[in-house]
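K.L.:
There's a structure below that I have some questions on.
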Amino acid sequence: MGQVDKRSITLSPELAQAVDDVVAAGEYASASEVIRDALRQWKDRRDLMGYTVEELRKLVQEGIDSGPGRFASMDEIKAEARRRLRSDDAA
């Protein structure tokens, strides 16, 4: 693993139990492995989004300010997507 930076963390009883459970089940070799995997997934998700909290707040506000959407249901959204797909296929 190369160089490591040791840290000490505090977990709620529920999270500590979840870590203990997956280690006991053999899904991970150690609690450290569980935490490293969780942090990797968090970092990947954060990197994928690429937005700061402030940017997300701004985007949410823009959505709110834009008023009601064009579609009232998921069925309407799907119908519009099908219509656009047919239109693209015909072009």
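Numbering (this note's numbering), first residue to last: 26 to 116.
Yeah, the Cβ is synthetic: ideal placement off N, Cα and C, and Gly gets one too.
As the structure is a prediction and not an experimental result, all values here were calculated from the model.
Check GLN28 in the structure and name its three-state DSSP category.
P.N.:
Against the sequence shown, residue 28 aligns to sequence position 3. Looking at GLN28 - three-state DSSP - the assignment turns out to be coil, as it is neither helix nor strand.
K.L.:
Between the C-alpha atoms of SER129 and VAL48, what's the straight-line distance to the nearest angstrom?
P.N.:
Past the boundaries of the shown model lies residue 129; the chain is included only from 26 to 116, so the question cannot be answered.
K.L.:
Do you know how far the Cα of GLN42 is from the Cα of ARG97?
P.N.:
For the purposes of this step, residue 97 is taken as the residue at position 72 of the sequence shown. For the purposes of this step, residue 42 is taken as the residue at position 17 of the sequence shown. Contrary to the premise, residue 97 reads as Ala rather than Arg in this sequence. If I take the Cα positions, the gap works out to 42 angstroms.
K.L.:
What's the gap between the Cα of GLU105 and the Cα of THR35?
P.N.:
By 1-based counting over the sequence shown, the position of residue 105 is 80. By 1-based counting over the sequence shown, the position of residue 35 is 10. The alpha-carbon atoms of GLU105 and THR35 are separated by roughly 49 angstroms.
K.L.:
Threshold first: 4 residues or longer. Then list the alpha helix (DSSP H) segments lying entirely within the stretch 75 to 107, N to C.
P.N.:
Taking only runs of at least 4 residues, the alpha helix (DSSP H) segments lying wholly in the stretch 75 to 107 are 78 to 90.
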